[in-house]
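First up is the structure itself, then whatever we jot down about it.
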Amino acid sequence: MSTVTITAQDINKLRQATGAGMMDCRKALTETNGDFEAAIDWLRKQGQKVAAKRSDREAKEGVVIAQTSADNKVGYVVCISCETDFVSKNADFVAFAQSIADAAVANDVKNADELNAAEVNGAKVADLINDKLAAIGEKIGVSKFERIEAPYVASYIHGAYRMGVLVGLDKEAADAGKDVAMQIAAMNPVAVDADSVPADVVAREKDIIMDLMKQDPKMAGKPEEMIAKIAEGKMNAFFKEQTLLAQAFVKDASKSVADYLKSSGDVKVTSFKRVALG
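Start counting the sequence shown at 4; every next residue gets the next number (my numbering).
So, in structure tokens, the structure goes:
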């Protein structure tokens, strides 16, 4: 019996290093009294040798699947990563990733841990991933997971499964949802509108603007009020370029995304998620 407290951080660290499932990692750390290296050895003895051996390798390729529940009330994005585009472009690997995304929908999972514990044809996703890892010889895993709920959720997969987008709307609007999802894929906004930009992003942008202005000889000697007004104008430009509703609509640059949504039945975006490889 372990006399050491096993934390969620310890479990996650072992998961990241080995690719093993959450419960397996918990058991490994418990069995080895929290000794990380011994826990890796314990997992290897349980048949997870390949995962441990390849834990230091990068997994920057993969497949991103975005899809919704049958009633379009919930959306999920799942990224199954691998090491090479040779594997990511393989039809069998794409089908494997799709089966895991289907499990996310079928079990309405809320996070990556729940997804790893979900079952596909009687086998846990985490176990299937380790089996696939051993079969193809590359480090793979559920590297990214997002989920949103809304009165209507639209999903979009961009390119050869390299990016997935979810858009939550306040009403059913399939065409508008697809158009806005494509906008998000192309323009990568940081938030829906200025009010929803995270405070740390706003602070960082303000710091950059002020530093640039201090270095600009044209700003030397200008009154503080004028500098503040110029800085405010630059922040407004940032919000226009980087927030979804203020961006120029990619299909018609003469109008903003907000204008497009208004003309499409006064549809409102409640949230969005954009997941890309890398």
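Even glycine gets a Cβ: it sits at the ideal position worked out from N, Cα and C.
Residue nearest to K147 within the set I9, Q19, T8, D13 is Q19 (criterion: CA-CA distance). Judged by DSSP in its simplified three-state form, V128 adopts helix.
Where A73 is concerned, there is no enclosing beta strand (DSSP E), because DSSP gives it neither an H nor an E. When rounded, the separation of the alpha-carbon atoms in V205 and A194 is 11 Å. For V67 against R150, the beta-carbon gap comes to about 14 Å, at or over 8 Å, which does not count as contact. Bounds of the alpha helix (DSSP H) holding M213 are 202-218. Q186 is the residue among A121, I139, Q186, E141 whose C-alpha sits nearest the C-alpha of H161.
By the neighbour-count criterion, in which a residue is buried when 16 or more other Cβ atoms sit within 10 angstroms of its Cβ, E228 is exposed. Counting other Cβ atoms within 10 Å of its Cβ, T71 reaches 16 or more and is therefore classed as buried. When the alpha-carbon of A109 is set against those of V253, E235, G78, the nearest one is in G78. In this structure, V168 lies near K276, with their beta-carbon atoms less than 9 Å apart.
In the displayed model, I83 falls within a strand according to three-state DSSP. Distance from the CA atom of Q101 to the CA atom of G65, rounded to whole angstroms, is 12 Å. The three-state secondary structure of Y164, taken from DSSP, is coil. Here the alpha carbon of V80 sits roughly 43 Å from the alpha carbon of D219. In this structure, A129 sits near A120, with a CB-CB distance shorter than 9 Å.
The alpha-carbon separation between A104 and S158 amounts to approximately 13 Å. DSSP places G22 in the coil class of the three-state scheme, outside both helix and strand.
Taking E40 as the centre and dropping the five residues before and after it, the same chain places no C-beta closer than 7 Å to its C-beta.
Of the candidates A202, G144, A234, T8, A234 places its Cα closest to the Cα of M213. Around the CB of D95, fewer than 16 other CB atoms lie within 10 Å, so the residue is classed as exposed. When DSSP states are grouped into helix, strand and coil, I143 belongs to the coil group.
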